[in-house]
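Accompanying notes for the structure given below.
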Amino acid sequence: MLKKLLKHEYKATSRFFLPTYGCFVLLLLVQRLSLLWASSMSKNQSFAGDLARIVMNLFSTASVLALIALLICPMVYGIVRFYKNLLTDEGYLSFTLPVTAGQHLVSKLLVLLTWQVLTFLVAAGSGVLYFLSIHAPGVREMFSDIGFVLRTILEVKGWGLLAVVLLVLEVFSQLTENIMRLYNAMSIGQCSSGHKLLGSVAVYIAQNMLLGLLLQVPVTVYLLSAGSDPFASLVLNDPASLPVKSCQVMCLFLAGAMAVNLVLSTVYFFISRHFLTKKLNLA
Numbered sequence: 010m011l012k013k014l015l016k017h018e019y020k021a022t023s024r025f026f027l028p029t030y031g032c033f034v035l036l037l038l039v040q041r042l043s044l045l046w047a048s049s050m051s052k053n054q055s056f057a058g059d060l061a062r063i064v065m066n067l068f069s070t071a072s073v074l075a076l077i078a079l080l081i082c083p084m085v086y087g088i089v090r091f092y093k094n095l096l097t098d099e100g101y102l103s104f105t106l107p108v109t110a111g112q113h114l115v116s117k118l119l120v121l122l123t124w125q126v127l128t129f130l131v132a133a134g135s136g137v138l139y140f141l142s143i144h145a146p147g148v149r150e151m152f153s154d155i156g157f158v159l160r161t162i163l164e165v166k167g168w169g170l171l172a173v174v175l176l177v178l179e180v181f182s183q184l185t186e187n188i189m190r191l192y193n194a195m196s197i198g199q200c201s202s203g204h205k206l207l208g209s210v211a212v213y214i215a216q217n218m219l220l221g222l223l224l225q226v227p228v229t230v231y232l233l234s235a236g237s238d239p240f241a242s243l244v245l246n247d248p249a250s251l252p253v254k255s256c257q258v259m260c261l262f263l264a265g266a267m268a269v270n271l272v273l274s275t276v277y278f279f280i281s282r283h284f285l286t287k288k289l290n291l292a
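Quick note: the sequence shown, position 212, residue 221 per this note's numbering, numbers continuous.
Here is the structure:
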């Protein structure tokens with residue numbers, strides 16, 4: 010049943026995201042055309058030249074705002090859809106389906122993760138193509154620098170490859186933790202009769218404050234115990250081993266952060282499932 014639920018979620022959400030991607034790409038194309046028009050009229054001091062520059066500036070501003078909106082829209086849309094589907098009158102229909110609250114949570118999480126990744130790829134790909142049409146050498150130089158950094162990291166025996174893999178996994182674990190924290194806040198906040206949104210916001214703020222305090226303790230303990238820069242003696246005594254040690258420390262940090270995110274996501278999942286199963290309030 011989870012497979013059918015995922016199929017329905019992807020189909021329903023694609024009706025929003027695919028047109029959104031199309032509008033964003035179209036806006037970049039129009040902005041590029043306005044830039045070409047303004048460039049051709051750069052020496053024209055007449056009304057037409059001024060109009061071309063005004064249009065270019067307007068579309069440039071609109072493109073920046075559209076990029077920001079595009080990057081945040083998956084999370085905003087995911088929150089609205091979760092609230093509408095499960096915590097309003099529509100929840101009566103959702104919870105009469107032969108699907109558990111846990112399956113609803115998993116499907117919402119996987120679909121939102123997918124659209125977040127696709128949205129980033131669309132934004133990044135569109136941006137690269139756009140700047141290639143403006144200043145191709147600069148884009149090639151940027152990719153050359155990125156490739157150099159990756160090659161340098163991967164040359165550090167097996168630790169470099171492990172660091173890259175852990176970095177990708179940590180990004181996904183952080184996205185998962187962020188989504189589950191929001192779902193958890195809404196699942197608890199819906200218990201507030203008549204003030205579900207306000208209750209969800211209050212729970213989310215309380216979660217962030219508590220999480221910040223809990224994470225601050227081990228960081229403070231580490232800084233106090235480390236004393237001086239842990240790499241200082243390494244640089245002085247064995248500079249050649251610095252790249253390997255740096256990758257090892259990076260791997261340890263990424264693995265620890267990923268473990269924390271997975272634990273928190275699991276806790277959020279079980280708490281959310283409990284409230285959606287035992288304390289659901291659709292009134």
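For every residue, glycine included, the Cβ atom is placed at its ideal position computed from N, Cα and C.
Here the structure is a predicted model, which means the values were calculated and not measured.
CB contact flag (residue i, residue j, <9 Å)
i: residue 274; j: residue 196; result: no
i: residue 75; j: residue 36; result: yes
i: residue 176; j: residue 271; result: no
i: residue 256; j: residue 158; result: no
i: residue 11; j: residue 112; result: yes
i: residue 286; j: residue 109; result: yes
i: residue 14; j: residue 106; result: yes
i: residue 290; j: residue 153; result: no
i: residue 221; j: residue 210; result: no
From the options, residue whose alpha carbon lies closest to that of residue i
i: residue 127; options: 22, 225, 264 and 268; result: 22
i: residue 173; options: 117, 99, 111 and 261; result: 261
i: residue 207; options: 87, 194, 13 and 217; result: 194
i: residue 32; options: 47, 78 and 48; result: 78
Helix, strand or coil at residue i according to DSSP, with G and I counted as helix
i: residue 242; result: The pLDDT assigned to residue 242 is 48, lower than 50, so where the model puts this residue is not dependable, and the model offers no usable value.
i: residue 201; result: coil
i: residue 248; result: For residue 248, the predicted structure reports a pLDDT of 48, less than 50, and the residue's modelled location is therefore unreliable. A value from the coordinates is still provided. In this structure, residue 248 counts as helix in the three-state DSSP scheme.
i: residue 97; result: coil
i: residue 290; result: coil
i: residue 222; result: helix
i: residue 36; result: helix
i: residue 107; result: coil
i: residue 85; result: helix
i: residue 195; result: helix
i: residue 148; result: helix
Beta-carbon proximity list for residue i, same chain, < 6 Å, skipping 5 on both sides
i: residue 242; result: With a pLDDT of 48 at residue 242, under the threshold of 50, the predicted position of this residue should be treated as unreliable, though the coordinate-derived value follows. Around residue 242: no qualifying Cβ.
i: residue 248; result: Bear in mind that the predicted position of residue 248 carries a pLDDT of just 48, short of 50, making it too unreliable to give a figure here.
i: residue 117; result: 91
i: residue 17; result: none
i: residue 240; result: Any reading at residue 240 is ruled out, since the residue's pLDDT is 49, under 50, leaving its predicted position unreliable.
Same chain, Cβ closer than 8 Å to residue i, neighbours up to 5 away in sequence not counted
i: residue 266; result: 179, 182 and 183
i: residue 277; result: 186, 189, 190, 192 and 193
i: residue 163; result: 169, 170 and 173
Chain-order list of residues whose beta-carbon lies under 7 Å from that of residue i (same chain, five-residue window excluded)
i: residue 171; result: 260
Q. Three or more C-beta pairs closer than 8 Å, one from the region 62–71 and one from the region 38–53: is that the case here?
A. yes
Q) Can you find at least 3 beta carbon pairs, one from the region 268–282 and one from the region 187–203, that sit closer than 8 Å? A) With the cut-off at 8 Å, the region 268–282 and the region 187–203 touch.
Q.
Whether or not the region 76–84 and the region 119–133 are in contact is what I'm after, with contact meaning three or more pairs of Cβ atoms, one per stretch, closer than 8 Å; do they touch?
A. In short, these stretches touch, since the Cβ pair count reaches three.
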